[in-house]
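A.B. asks: The opening position of the sequence shown corresponds to residue 212 in this note's numbering, with each subsequent residue numbered one higher.
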Amino acid sequence: MDLAQARHAFITGGASGIGLGIADTLAARGLRVTIADINDDALATVLAERGDNFRGVVLDTRDRAGWARARDEAEAAFGPVDVLVNNAGIAPNGQGFAEMDPDSFDRILAINLVGVFNGVQAFAAGMKARGRGHIVNTSSQAGLVATVRGVGAYAVAKYGVTALTESLSLEMGGSGVGVTLLCPGYVQTNLAANTARVGGDRREFTGQMPPSEVSSADVGAMVVEAIEADRLYCMTHPGVWATIEKRMGPLREAALLREPG
Numbered sequence: 212m213d214l215a216q217a218r219h220a221f222i223t224g225g226a227s228g229i230g231l232g233i234a235d236t237l238a239a240r241g242l243r244v245t246i247a248d249i250n251d252d253a254l255a256t257v258l259a260e261r262g263d264n265f266r267g268v269v270l271d272t273r274d275r276a277g278w279a280r281a282r283d284e285a286e287a288a289f290g291p292v293d294v295l296v297n298n299a300g301i302a303p304n305g306q307g308f309a310e311m312d313p314d315s316f317d318r319i320l321a322i323n324l325v326g327v328f329n330g331v332q333a334f335a336a337g338m339k340a341r342g343r344g345h346i347v348n349t350s351s352q353a354g355l356v357a358t359v360r361g362v363g364a365y366a367v368a369k370y371g372v373t374a375l376t377e378s379l380s381l382e383m384g385g386s387g388v389g390v391t392l393l394c395p396g397y398v399q400t401n402l403a404a405n406t407a408r409v410g411g412d413r414r415e416f417t418g419q420m421p422p423s424e425v426s427s428a429d430v431g432a433m434v435v436e437a438i439e440a441d442r443l444y445c446m447t448h449p450g451v452w453a454t455i456e457k458r459m460g461p462l463r464e465a466a467l468l469r470e471p472g
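What follows is the structure, given as structure tokens:
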């Protein structure tokens, strides 16, 4: 997508972390930005530090009526949304499936997967009708390959975002609407605080997480590059292919067992 022709971006989870990094990068390219976030305090702080090209809306991405209101208000203020970034999410719960609280499983899927669908459902038809736009959905490296225990429900949701986005790309082919799957590795964000805000469990780590070599601003630049190149996949960290290849090898072997000869 030629961002010089874009005017308005709508970003969920945009008051901090990766979402804010994307928001600032798009704003620097001249877009007006609607930031949607469940954290009203963080939203107020961000808006107070930015100019008139930013506006905010408190949104729980599980709320479909809230999505419709947010869309209508955003487009009344800044015009049609050209770039949608479905970035809001919550953290893994650290529980295995055998011991998992079903409510925790439902919450993780509702926010991390169904919330993405709700965003697509709110904006994709309008973009398709106008023949232009770009949709970015945030998955995770955990949405490509399962490598760590305790993130099972999170991985289910993020695998779902991967499938949704790949399918959406096929559906939007030839329509003028681009689609990107963002698969970040570890980036310092306030994911734990937002998880607690919606009543979720936060994953318990032993010891300190290492500093991330990739910042939210770095991810913002990567996402803009992917949008402009109409790239389906956007990775943020090195070393991802090695883990994906470990998954692909056994899949290839299983598939080849059914090939003749």
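Note that CB positions come from ideal geometry on N, CA and C, so glycine has one too.
Return yes when the Cβ of T373 is within less than 8 angstroms of the Cβ of G354, no when it is not.
C.D. replies: Yes, these two residues count as a Cβ contact at 8 angstroms.
A.B. asks: Return the chain-ordered ranges of every alpha helix (DSSP H) run that is complete within the segment 322-382 and spans a minimum of 4 residues.
C.D. replies: You should have 326-341.
A.B. asks: Are there any heavy atoms of the ligand MG lying less than 7 angstroms away from the beta-carbon of V325, as far as the coordinates show?
C.D. replies: With respect to the ligand MG, the structure shown offers nothing to examine, as it has no ligands at all.
A.B. asks: Go ahead and label V359 buried or exposed: buried means 16 or more other beta carbons lie within 10 angstroms of its beta carbon, across all protein chains shown.
C.D. replies: It counts as exposed.
A.B. asks: Assign A369 to one of two classes, buried (16 or more other C-beta atoms within 10 Å of its C-beta) or exposed (fewer than that).
C.D. replies: According to the sequence provided, residue 369 is Lys. The question's Ala does not apply to it. So K369 counts as buried.
A.B. asks: Under 8 angstroms by Cβ, that's how I've got S380 and L443 pegged, so tell me the actual separation to the nearest angstrom.
C.D. replies: Contact flag correct, Cβ pair sits at about 6 angstroms.
A.B. asks: Over the uninterrupted beta strand (DSSP E) stretch that includes A220, give me the two end residues.
C.D. replies: Taken as a continuous stretch (DSSP letters only), the beta strand (DSSP E) holding A220 covers H219 to T223.
A.B. asks: Just to confirm, are T245 and R266 a CB contact at a threshold of 8 angstroms?
C.D. replies: The answer is yes: Cβ separation under 8 angstroms.
A.B. asks: Between the alpha carbons of Q419 and R261, how many angstroms are there, rounded?
C.D. replies: The predicted model places Q419 with a pLDDT of 44, which falls under 50 and marks its position as unreliable; any figure quoted below should be read in that light. Their Cα atoms are separated by approximately 32 angstroms.
A.B. asks: On a Cα-Cα basis, can you pick out the residue from G361, C445, R458 and D429 that is closest to F308?
C.D. replies: Of G361, C445, R458 and D429, the residue nearest in Cα terms is G361.
A.B. asks: In three-state DSSP terms, what is T454?
C.D. replies: In this structure, T454 counts as helix in the three-state DSSP scheme.
A.B. asks: Is it the case that the segment 265-279 contacts the segment 457-471, given that we only count it when at least three CB pairs across the two stretches are under 8 angstroms?
C.D. replies: With a cut-off of 8 angstroms, the segment 265-279 and the segment 457-471 do not count as touching, because too few Cβ pairs lie within range.
A.B. asks: When the Cα atoms are used, what is the spatial distance from G290 to H219?
C.D. replies: About 7 angstroms.
A.B. asks: Tell me, which residues are paired with I246 by DSSP?
C.D. replies: Per DSSP, I222 and G267.
A.B. asks: Does the Cβ-Cβ distance between T223 and A259 come in under 8 angstroms?
C.D. replies: Not in contact: T223 and A259 (Cβ atoms no closer than 8 angstroms).
A.B. asks: Distance, Cα to Cα, D314 vs W278?
C.D. replies: Going from the Cα of D314 to the Cα of W278 covers about 23 angstroms.
A.B. asks: Would G387 pass as a contact of R343 if the rule is Cβ separation under 8 angstroms?
C.D. replies: Against a cut-off of 8 angstroms, the Cβ pair of R343 and G387 comes out as a contact.
A.B. asks: Measure the alpha-carbon distance for A276 versus R282 and round it to whole angstroms.
C.D. replies: Looking at the two C-alpha atoms, the distance is approximately 10 angstroms.
A.B. asks: Comparing C-alpha positions only, which one of G363, H448, D293 and A336 sits nearest to F316?
C.D. replies: Considering only alpha carbons, the answer is G363.
A.B. asks: Report the residue from Q306, R341 and V451 whose alpha carbon sits nearest the alpha carbon of V292.
C.D. replies: Among Q306, R341 and V451, the Cα nearest to that of V292 belongs to R341.
A.B. asks: Let me confirm a value: A253 is counted as buried when at least 16 other C-beta atoms fall within 10 Å, else exposed. Which label applies?
C.D. replies: By the 10 Å Cβ count, A253 comes out buried.
A.B. asks: Are V347 and L393 touching if we call contact CB-CB under 8 angstroms?
C.D. replies: Cβ atoms of V347 and L393: closer than 8 angstroms.
A.B. asks: Cα separation between S378 and V398?
C.D. replies: Each residue's Cα considered, the two are about 27 angstroms apart.
A.B. asks: Once you ignore the five residues that flank F416 on each side, which residues in its own chain have a CB closer than 8 angstroms to its CB?
C.D. replies: Low confidence applies here, because F416 scores a pLDDT of 39, under 50, leaving its location unreliable; read the following figure in that light. So the list is empty, once near-sequence residues are dropped.
A.B. asks: One question on the structure: do V451 and Q352 come within less than 8 angstroms of each other, judged by their Cβ atoms?
C.D. replies: A contact, by the Cβ cut-off of 8 angstroms.
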